[in-house]
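In the numbering used here, the protein residues as written are 7 to 210.
Glycine included, each C-beta is placed from N, C-alpha and C at the ideal position.
The block underneath contains the structure these notes are about, expressed in structure tokens.
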């Protein structure tokens with residue numbers, strides 16, 4: 007492992023803030039079987055990730071409502087109640103990030119996030135304004151784990167890939183970062199993150 011880490015890149019969802027689309031829908035669709043069917047067949051991960059890639063919510067909703075007109079209310083509820091899907095930050099993770107910034111470390115963020123919901127999250131969670139900057143997938147029209155988004159972030163912030171470490175909760179995104187040439191670790195909790203960073207010579 008290199009000990010010459012100069013750039014630390016954080017994912018946001020499920021690393022710095024909690025995200026769970028089931029939270030509002032447990033109220034809107036109380037039956038668990040029906041709710042799971044809804045997420046597996048209507049407001050799917052593949053549908054939602056296109057908003058992260060830059061598709062507008064209006065277009066996304068219209069597409070599904072045309073296919074499932076009887077589900078219009080629930081389809082529109084996904085964006086309407088998005089704020090309930092991100093109820094709180096992970097304070098221990100945020101403390102690590104803020105500690106790194108306070109030490110003078112170069113910290114940026116790279117996230118799969120729709121442009122409008124990211125701005126909403128940034129307003130609710132001011133610590134998201136503290137790193138040097140962020141690449142939001144919805145702003146650049148690229149999503150992790152596409153190699154191009156790691157390249158875009160690298161160029162935008164002048165990073166040296168070999169001196170960069172990326173923190174993400176999704177194995178596929180960690181592998182994408184490694185394929186581009188970054189160091190990367192899989193996030194599973196703050197204690198493990200401290201240990202992983204220490205292994206790269208970054209003590210927090």
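Judged by DSSP secondary structure, residue 174 falls within the beta strand (DSSP E) whose first and last residues are 170-174. Distance check between residue 31 and each of 193, 127, 77, 154 places 77 closest, using alpha-carbon atoms only. If you look at residue 140, you'll find it in the beta strand (DSSP E) that goes 140-142. Each of 192, 168, 169 was checked against the Cα of residue 179, and the nearest Cα belongs to 192. In summary, residue 204 is exposed, with fewer than 16 beta-carbon neighbours lying within 10 Å of its beta-carbon over all protein chains present.
When rounded, the separation of the alpha-carbon atoms in residue 74 and residue 48 is 8 Å. Residue 16: member of the beta strand (DSSP E) spanning 13-16, first to last residue.
When C-alpha distances from residue 85 are compared across 14, 207, 64, 102, the shortest belongs to 64.
With contacts defined as CB atoms closer than 8 Å, residue 167 and residue 187 qualify as a contacting pair. With a beta-carbon spacing of about 20 Å, residue 152 and residue 13 fall beyond the 8 Å limit used to define contacts. Straight through space, the alpha carbons of residue 172 and residue 210 are spaced by roughly 15 Å. In the structure shown, residue 100 adopts helical secondary structure according to DSSP, grouped into three states.
Of the residues assessed, residue 182 falls on the buried side of the cut-off, its CB having 16 or more other CB atoms within 10 angstroms. If you look at residue 22, you'll find it isn't in any alpha helix (DSSP H); DSSP assigns it neither H nor E. Looking at the DSSP output, residue 145 bridges to nothing.
In terms of CA proximity to residue 99, 16 leads the group 16, 161, 61. Looking at the DSSP output, residue 95 sits in a beta bridge with 23.
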